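Asks: The C-terminal residue of the sequence shown carries number 1678 in this note's numbering, and the numbering is unbroken.
The structure that follows is given in the form of C-alpha cells.
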Amino acid sequence: MSDATQQPVIAKYKPCYAELEKGKRYFWCACGQSKNQPYCDGSHKGTGIVPLPYQAKANGEEVLFCGCKHTSSAPFCDGSHNNLREKYETDDPMSPENQAIPLAEEASPGCVALDGSCQVRRIDQLPDEGAGTVEVRKLIGPEDGARHQSQFHLAIPPGYSQAMEFPRRQVLLFVASGSGELAIGPRIFALGSRTGAFVRPGEIFALTAPPDRPLTAYASIFPYSWGPLWRRGVGGYFDAAYPGRTIAMDRGKATPMADRFFQVLIDKHQGFENGAQFIGEIPRSKAAAHRHLYEETLIVVSGEGCLWTDNAKTPVAAGDVIFLPRKQRHSLECTSDESMLVAGVIYPGDNPSINY
Ligand code: FES
1323 MSDATQQPVI AKYKPCYAEL EKGKRYFWCA CGQSKNQPYC DGSHKGTGIV
1373 PLPYQAKANG EEVLFCGCKH TSSAPFCDGS HNNLREKYET DDPMSPENQA
1423 IPLAEEASPG CVALDGSCQV RRIDQLPDEG AGTVEVRKLI GPEDGARHQS
1473 QFHLAIPPGY SQAMEFPRRQ VLLFVASGSG ELAIGPRIFA LGSRTGAFVR
1523 PGEIFALTAP PDRPLTAYAS IFPYSWGPLW RRGVGGYFDA AYPGRTIAMD
1573 RGKATPMADR FFQVLIDKHQ GFENGAQFIG EIPRSKAAAH RHLYEETLIV
1623 VSGEGCLWTD NAKTPVAAGD VIFLPRKQRH SLECTSDESM LVAGVIYPGD
1673 NPSINY
C-alpha cells in the first residue's frame, strides 16, 4: 500500500451473506465507501484501493463477503470484525422483545425443541442405548435435522476399557471432566479434562477409565452414524501421517474475539477434514442474534446460560448439548457470574469466529 493509499473504512461490523450465480464476476468493495455493500460502486476513486473481483464457482454458491474490510482472506470474512470493537456485540435479555419470547417446551424426555431443528439435549434424561457395560446416549443425528454429523455421550465405568469403531468415519472426542486413556491401534494417549481427541477413518480405538472413577466423553461422528461397533481389540492400524491426536484446553493458546475467547482444539492439523472442534469462553452477557454457515453442536462444559432463537428460549447448564443447524438465527447467553465454557464442533468450516 503506497503512502497515498488510504485505510479502508469499516462499512459494517458483520459480513454480507450472498448467494451467487455461476461464472458471474463480483467486484468486492475493498475501500468500504461503496453505497452498494459489499459490491464496488466506484467510490474508491482516489483512495489507492481497488475492488477485488471474485468469479462464482456454482449457482447458489453461499458466501460471506467481508463488510468491515479488515479481513486477511479477502474478499471473504475471517472473523476479524469481532476484534474491531472492545466488546462482542450483545443485546439486552431484559428488553421487551426478548421478554416476550416464550420458554421452549420439552418435545420428549431430555429434548427441548426451539425454532426449526434447533434443540437442546439434557443427558441425564436420555435413555441409555448401550448394549452392555458402556452407557451410550444418542444426542444428535440425522433424524434430528443434522445433515453432517451424529453425536453420542459415552460413559465408561471405573477400571473398564472398551474398544470400538465407527467404520469409515471421522471421530471427534471431547472429555469434559475426569481423565483416562485413549488407545488408537498401537498408540496410547492420555486424556485429561477439557481435552479434544481425534480418530481417523479406519482406526479402531478404546477408551479406558481410571480404576476409581468413570470416564465420560462426547463423540461426534462425520458423516453421521447410528452408533459404535464394539470390537474385541484395537488392532494394529494407526495413521502415522497425523501423529498428534489430543489437544487440551490452554488459555495461553486462545484467540480473542473482543471480550470472548476461543481455542481451536482439533482441525486439519490433527487430520479432521473440513471441520473444527473448539472450546470457547463466554462472559456474563447475551450475544446479539446471529447465524453461521456451518452446522454446530455446543457442549456446555461449565457455567449456566440461556439459548435463544427468535421464537423460543431455554436455560442451559453444564452437560447440556445444543444443536444449531446451518443458518439458524440464535443467541447464547451466559447467566452465571463465572464465565460459561462451551466446547463446539463445526462442519463444514474451521473458523468459529465467522458469524453473520
Ligand atoms: S466482516 Fe470483515 S472479517 Fe468479518
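Think of the CB as a built atom: it goes at the ideal place given N, C-alpha and C, for glycine as much as any other residue.
It should be emphasised that the depicted structure is a prediction, and the values quoted were computed from it without experimental measurement.
1) Which of helix, strand or coil does DSSP assign to E1595?
2) Could you name each continuous beta strand (DSSP E) segment of 3 residues or more that falls completely within the region 1407-1470, going from the start of the chain to the end?
3) Assuming P1375 and C1353 are in contact, meaning their beta carbons sit under 8 Å apart, how far apart are those beta carbons, in whole angstroms?
4) Please list, following the chain, all residues that have a C-beta closer than 6 Å to any non-hydrogen atom of the ligand FES.
5) What do you get for M1323, buried or exposed, if any count of 16 or more other CB atoms within 10 angstroms of its CB means buried?
6) For L1551 and T1412, I'd like the C-alpha separation in whole angstroms.
7) Shortest alpha-carbon distance to A1505 belongs to which of V1458, P1565, G1549?
8) Please report how far the alpha carbon of E1595 lies from the alpha carbon of G1507, in whole angstroms.
9) What is the DSSP secondary structure of G1602, counted as helix, strand or coil?
10) Considering only C-alpha positions, which residue in the set G1401, V1458, S1472 is nearest to P1464?
11) In the DSSP output, which residue or residues are listed as bridge partners for Y1361?
12) Could you pull out every residue in the same chain whose Cβ sits closer than 8 Å to the Cβ of E1383, ignoring the five residues on either side in sequence?
13) Indicate the three-state DSSP secondary structure (helix, strand or coil) for H1392 in the structure shown.
14) Return the chain-ordered list of same chain residues with a C-beta closer than 6 Å to the C-beta of F1645, the five sequence neighbours on each side being excluded.
15) Quick one, are the C-beta atoms of S1624 and L1663 less than 8 Å apart?
16) By DSSP, does C1338 sit in helix, in strand, or in coil?
17) Ordered along the chain, which non-local residues of its own chain (more than five positions away) have a Cβ less than 6 Å from that of T1530?
18) With a cut-off of 8 Å, do at least 3 Cβ pairs link the region 1528-1547 to the region 1563-1579?
19) Would you report the Cα separation of V1372 and Y1410, rounded to the nearest angstrom?
Replies: Well, looking at it:
1) Note: E1595 maps to coil in three-state DSSP.
2) The region 1407-1470 contains these whole beta strand (DSSP E) runs: 1428-1430, 1433-1435, 1441-1443, 1457-1462.
3) At roughly 15 Å, the Cβ-Cβ gap does not stay under 8 Å, so P1375 and C1353 are not in contact.
4) For the ligand FES, the selected residues are K1336, P1337, C1388, G1389, C1390, H1392, T1393, C1399, D1400, G1401, S1402, H1403.
5) Because the pLDDT of M1323 is 46, which lies under 50, any placement of that residue in the model is unreliable, and the question is left without a value.
6) 44 Å
7) Nearest C-alpha to A1505: P1565.
8) 20 Å
9) strand
10) Closest option to P1464, Cα to Cα, is S1472.
11) W1350
12) E1341, L1342, K1344
13) H1392: coil per DSSP, three-state reduction.
14) Taken in chain order, the residues that qualify are Q1441, I1462, T1619.
15) yes
16) strand
17) S1483, G1502, E1503
18) no
19) 30 Å
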